[in-house]
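Report on the following structure.
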Amino acid sequence: MKALFCTYDRPGYVGGPNAGLRRLLPALRERGIEAECLLLTFGDVRACPTLNALHRSGVPCQHAPYHATTEERVRWILSAVQQRPPAVFVPNIVPAAYYAAMHLKRRGIRCIGVLRSDDGFHRQLAQLFLRTSQERAMDAWVAVSDHLKRMVEQHTPCVVQIPSSAVFPHDDFLPRMHPDQPLRILYSGRLADTQKRISLVTRSLCRLTHTLPDTQATIAGNGPQRAEVEAILAAHPNARVTLLPPQDSANMPALLRTHHAVLLMSEYEGMPLCLLEGMAHGLVPLSTPVESGVPELIRHGETGFLLHEPERDLEEAARALRDPHTFARLSRNARDLVRERFSPDACADAWAHLIATQGASARPQPVRMPVRLCLPPSVGIREDDRATPFRALTAAAASLLPPHHPFLRPRCRPGFVDLYTVRRSILAALTHTLPQFRGTVVDMGAGCAPYRTLFLDAPAVTRYLTADMPQGGYGPQDMPHDAPPPWDMPWDGRTLPMEPGKAGAVVLTEVLEHCPDPARVLAEAHRVLTPGGLIFLTVPFLWPLHDVPCDAYRYTPWTLERLLQSTGFADVQVRPLGGFDAAMAQMLGLYIRRRSLQSGYLRVLRPLLSFAAAPVVRLLTAQDNPPSHFHEGLMCSGLWATARKPSFAPHADAGTPAPEARHGERGCASPLPDACTPAAPEQS
């Protein structure tokens, strides 16, 4: 059963939600859950710790740069789900993923929301996706604390309390307090005044180490108030407080083992991971009495100390911990409490059970990309509320235009005049052939699989599989070198990992011109097709060199027909994608959008020329009516062909030429005499 989690990532980010996710997802895979992750990233992905840690753990990930608006993020998430659809979807801390979940619920995918904190952001999530209509409400919720669970239970019965997964030591280590050693206190987390009150933490630790000379402190982390922390420490040069950068999960155990207590002075929390991990290593927790999480961890004087008056109570707690017997008792109690109630195994088991329960009632259907997104009213979590006025204006203007999809609903917009004609003609050819597709459709050289929805909506298609080469240029960009392939099957350009006769149809759109051995590719398509199965392909005729040096061939109708026949196909039909008018429209768009412009004024003119050319390109494409057969002097923009694997057993091998059809029985009207027949294309 597949479960898909969402999160953010950026270089140096080791926050609690991601730290827990890095442990949870591999643990779920060990329990038979196919856990995967979608990440919206900031900065260099090679330095994103969560993305790379999950890859090293064998967790499949898809990622994309953080888009400018919520709508763009929602569309990327939906397109990623289209490629690898799950049974269970977990938006986690990503607002755009909650908006995407509204559409995924309609496709039979179960959606689980997560409340990680008692803050305004999570209360707004609850307002939009918990205390709301059934259409927007999540199917289940996970709350990290008992306080948050009680808040959710008022509105839905399907809520489970599961804390974040913490780092636990592999031994029975407990720190010891010796009279001749200093008491060491650790703060580990975000350096921010909002929620964490880091300035108060820093001043309190400086004052404490001055009042109690046998006390030392460490602050580890990063955040918006790091400069303020450095300034406070500079103003107290004699304070025994050390500032460290944020610590990765792998380094946390070593840091925790050198301290005796862990400190938190937050205004609010969910289930503070720093306290969980500290207590698991025997550190005594010192925290302000926030409503969520802390009451479950700290029983004052038994497992830790509550700081009602932070500065005063911190000094009293430090004096109490100097007593070795008091420290040993609280340290052991803290460790035993966390190990009993909050172990990583218990966390992973609870998540696995919830996913299995929700997934059992999932009925996943192919995910369709909505033409227009209708997002709920913003309550402050729509990140694109910060969009510039120009972007907001252009987005509003775009919403008034007809819906546009570059493959499924191409519109002749100024920036699309070079691709409009070819995309429209390929879509028309596919739509014309769609009723003939049956069973499993294999898309060879699928790239980003733009026609997935089109095929899955076909009445007789039961399955859609993609195959492509890892070095292809049309998959997700900027993937780490060890990222899993985004296709269903790897393809080396020669052999498909598929049993013979299993495909009802094979598709190659704008692929064959890149294949050095096209006969081998077509023979492989013939092998995997069931008898009577259909092959559909398109190739360019009038198009610039592209993907150089892998742009191998341009085909004439007769060459393409004989190539299909020579690999065992029958009922070959070759047709033009467009005639003279389409060719003119295509060349006009290519000239304006792709001709190299050296001078500055020509580059300024390009948008104006594109705007002026759009109606001309649209008119020429609309009036184009190419003949169904080829004749002398015909100009065509490209070719499309269909053929079938014979239902009968051939008398010759599949690789031998098929018998010559009589005139009028093939897609090409005028077969060439043998003396004029072009040879099979040579490898470039």
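Just add 1007 to the spot in the sequence shown (first one is 1) and you have our numbering.
Heads up, the beta-carbon is just placed ideally off N, CA and C, and yes, glycines get one too.
Please read all numbers here as calculations on a predicted model, not as lab measurements.
Assignment of C1055 by DSSP, reduced to helix, strand and coil, places it in the coil class.
Inclusion of L1011 and F1096 in the CB contact set at 7 Å is warranted, their separation being smaller than that value.
Under DSSP, H1070 shares a beta bridge with L1046. DSSP, reduced to helix, strand and coil, places F1334 within a helical segment of the structure shown. A contact is defined here as three or more CB-CB pairs under 8 Å, and the region 1542 to 1561 fails this definition with respect to the region 1501 to 1509.
Per DSSP, reduced to three states, the secondary structure at R1534 is helical. Excluding residues up to 5 positions away in sequence, P1098, F1136 lie with their Cβ nearer than 6 Å to the Cβ of Y1105 in the same chain.
Between the region 1064 to 1071 and the region 1106 to 1125 there are fewer than three C-beta pairs closer than 8 Å, too few to call the two in contact. With contacts defined as CB atoms closer than 7 Å, L1198 and Q1232 qualify as a contacting pair. If you check the CB distance, A1094 and P1457 do not come in under 7 Å.
For the 7 Å CB-CB criterion, V1513 and A1532 form a contact. Distance check between I1116 and each of P1018, D1200, M1008, R1030 places M1008 closest, using alpha-carbon atoms only. In this structure E1298 is in contact with D1125, their Cβ atoms being roughly 6 Å apart against a cut-off of 8 Å. Put simply, of M1184, F1576, D1464 the residue whose alpha carbon is nearest the alpha carbon of P1331 is M1184.
A straight line joining the alpha-carbon of V1151 with that of L1122 spans about 7 Å. Look at P1024 here: in three-state DSSP terms it is helix. By the Cβ-count criterion, H1439 is exposed, with fewer than 16 other Cβ atoms from all chains shown falling within 10 Å of its own Cβ. Per DSSP, reduced to three states, the secondary structure at W1358 is helical.
Its Cα nearest to that of V1555, the residue E1520 stands out among S1350, W1565, N1245, E1520. Per DSSP, S1350 lies in no beta strand (DSSP E) segment and is marked neither H nor E. Assignment of beta-bridge partners to S1195 by DSSP yields A1227. A distance below 8 Å between beta-carbons, with the five flanking residues on each side excluded, links S1654 to the following residues of its chain, in chain order: P1538, G1539. Taking the Cα of D1425 as reference, the smallest distance to any Cα among R1602, L1646, I1119, I1239 is reached at R1602.
7 Å or more divides the Cβ of E1303 from the Cβ of N1340. In this structure, A1589 places its C-beta atom within 7 Å of the C-beta atom of T1428. Between T1222 and L1215, the C-beta spacing is below 7 Å.
Within the same chain, Cβ atoms closer than 6 Å to the Cβ of C1557 are found at H1521, the five residues on either side in sequence being excluded.
Taking 8 Å as the upper bound for CB-CB distance, C1013 and V1101 are in contact here, some 4 Å apart.
For C1013, the pairing in a beta bridge is given by DSSP as L1045. Rounded to the nearest angstrom, the Cβ distance from A1359 to I1040 is 5 Å, consistent with a contact under 8 Å.
Spanning the alpha carbons of M1286 and F1334 requires a straight line of approximately 13 Å. The beta carbon of L1627 lies closer than 6 Å to those of D1588, M1591, A1592 in the same chain, with the five residues before and after it left out.
Secondary structure of P1260 (DSSP, three-state): helix. Straight-line measurement puts the Cα of S1086 at about 33 Å from the Cα of A1353. Taking C-beta atoms as the reference points, L1190 and H1129 fail to come closer than 7 Å.
The Cβ neighbour count for F1349, taken over all protein chains shown within 10 Å, is at least 16; the residue is labelled buried.
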